[in-house]
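Per my numbering, the first sequence runs over residues 1 to 221. Report on the structure given below.
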Amino acid sequence: MASLERRGKQLGIVVDDGRALVVQLGMSGQLLVMHEAPATHRHVTWSLSGRGAEVLVFRDPRRFGGIVPHGRVQAMLDRWERELGPDGLDTARAPVERLCRGARHVKAALLDQSLVAGIGNIYADEALHAAGIRPSRRCNRLTHDEAARVLEEARRIMRRSVSQGGTSLRDHVLPQGDPGAARRLIQAYGRTGLPCHGCGLPLKGGRIAGRATTWCTKCQR
DNA sequence: GGCAGCCTGGTT
DNA sequence: AACCAGGCTGCC
Numbered sequence: 001m002a003s004l005e006r007r008g009k010q011l012g013i014v015v016d017d018g019r020a021l022v023v024q025l026g027m028s029g030q031l032l033v034m035h036e037a038p039a040t041h042r043h044v045t046w047s048l049s050g051r052g053a054e055v056l057v058f059r060d061p062r063r064f065g066g067i068v069p070h071g072r073v074q075a076m077l078d079r080w081e082r083e084l085g086p087d088g089l090d091t092a093r094a095p096v097e098r099l100c101r102g103a104r105h106v107k108a109a110l111l112d113q114s115l116v117a118g119i120g121n122i123y124a125d126e127a128l129h130a131a132g133i134r135p136s137r138r139c140n141r142l143t144h145d146e147a148a149r150v151l152e153e154a155r156r157i158m159r160r161s162v163s164q165g166g167t168s169l170r171d172h173v174l175p176q177g178d179p180g181a182a183r184r185l186i187q188a189y190g191r192t193g194l195p196c197h198g199c200g201l202p203l204k205g206g207r208i209a210g211r212a213t214t215w216c217t218k219c220q221r
């Protein structure tokens, strides 16, 4: 194995001969490095040279994930450039202007990987809550400052969460099999009916952009 | 845009 | 037994 590439939720494993594998974890996928491969939902097992008897395993109970081979790294990178927006962790390239365009709900735009890559349902709710913006707000009703703020909050929250090992609710685990610790940072996602940490009022739940959504009707406008 | 569908497993 | 879930694609 030569190197790893990543853009948003796409992970590229580049091997020495220049070919690449794109791993998409989907909703339940796991990449594990272990001495003994897990017994269930094991889809691919690679043996790792120079790491004793350890193996790299792609495990995916729900099978929403997948692996796409590319003959050359550049083909993978070209495709990412075509289909994905700038990575959500990238400050310099935050697509503020683009987020202000169109009549769709801002939450739908945040989940659109071709606009900004890497934001999923949890971080969309968290970023909108932190930025004080209702998920149902139309993009073309956002001020430039609001669009910048929500992208900045998404970046900050994801960065912090990743540094804690990620937001493990059910299936996400780190390569050694341990859950990430960022679940305790959650302010909004999945807290429908529980008090808002900003104002104390119960958070509202609903469906926006086809996804379970939680927000505060007072703190988020 | 929304929404069904892909799959399995956990919860109500 | 029915419903729900962290993602994404493709169809209306």
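Glycine residues also receive a C-beta, built at the ideal position from the N, C-alpha and C atoms.
Just verifying my parser: in three-state terms, what is the DSSP assignment at residue i?
i: Met34; result: strand
i: Gln74; result: helix
i: Val106; result: helix
i: Ile157; result: helix
i: Ser47; result: strand
i: Leu11; result: strand
i: Val150; result: helix
i: Gly16; result: Per the sequence shown, residue 16 should be read as Asp rather than Gly. Three-state DSSP puts Asp16 in coil, outside helix and strand.
i: Asp87; result: strand
i: Arg63; result: coil
i: Ala39; result: coil
i: Leu185; result: helix
i: Arg211; result: strand
i: Arg141; result: helix
i: Val162; result: helix
For the beta strand (DSSP E) that residue i lies in, which residues bound it at each end?
i: Glu5; result: 3-7
i: Arg207; result: 204-208
To the nearest angstrom, how far is it from the Cα of residue i to the Cα of residue j?
i: Thr217; j: Leu89; result: 28 angstroms
i: Val235; j: Asp112; result: Nothing in the structure corresponds to residue 235, since the chain is present only between 1 and 221.
i: Leu151; j: Ala131; result: 9 angstroms
i: Ile122; j: Glu54; result: 32 angstroms
i: Trp215; j: Leu194; result: 11 angstroms
i: Ala181; j: Gly190; result: 16 angstroms
i: Gly166; j: Arg59; result: 17 angstroms
i: Ser3; j: Ser47; result: 16 angstroms
i: Ile133; j: Arg155; result: 16 angstroms
i: Phe64; j: Thr91; result: 30 angstroms
i: Gly52; j: His197; result: 48 angstroms
i: Glu126; j: Met27; result: 18 angstroms
i: Cys38; j: Pro61; result: As written in the sequence, residue 38 is Pro, which differs from the Cys given in the question. Pro38 and Pro61: Cα-Cα distance of roughly 12 angstroms.
i: Gly200; j: Cys219; result: 10 angstroms
i: Ile149; j: Pro69; result: Note on residue identity: the sequence assigns Arg, not Ile, to residue 149. Approximately 37 angstroms, taken between the alpha carbons.
i: Arg221; j: Ile208; result: 15 angstroms
The alpha helix (DSSP H) spanning residue i covers which residue range?
i: Arg127; result: Before going on, a small fix: residue 127 reads as Ala here, not Arg. Residues 121-131.
i: Val116; result: Careful: Val116 lies outside any alpha helix (DSSP H) and carries neither H nor E.
i: Leu56; result: Premise fails: Leu56 lies in the beta strand (DSSP E), 55-59, not in any alpha helix (DSSP H).
i: Arg98; result: 96-99
List the whole-angstrom C-beta distance separating residue i from residue j, where the pair is believed to meet the contact cut-off of C-beta under 8 angstroms.
i: Gly85; j: Leu115; result: 5 angstroms
i: Asp87; j: Ala124; result: That pair is no contact at about 15 angstroms.
Q. Do three or more CB pairs link the segment 153-173 to the segment 135-144 at distances below 8 angstroms?
A. no
Could you check whether the segment 181-199 touches the segment 34-42, counting it as contact only if at least three pairs of C-beta atoms, one from each stretch, sit closer than 8 angstroms?
no
Does the segment 173-180 come close enough to the segment 201-217 that 3 or more CB-CB pairs lie under 8 angstroms? no
So, do the segment 76-84 and the segment 96-105 have three or more beta carbon pairs nearer to each other than 8 angstroms?
no
Quick check: the segment 30-39 against the segment 91-101, are at least 3 beta-carbon pairs closer than 8 angstroms? no
**Asked** Per the contact definition of three or more C-beta pairs closer than 8 angstroms, is the segment 9-28 in contact with the segment 155-162?
**Response** no
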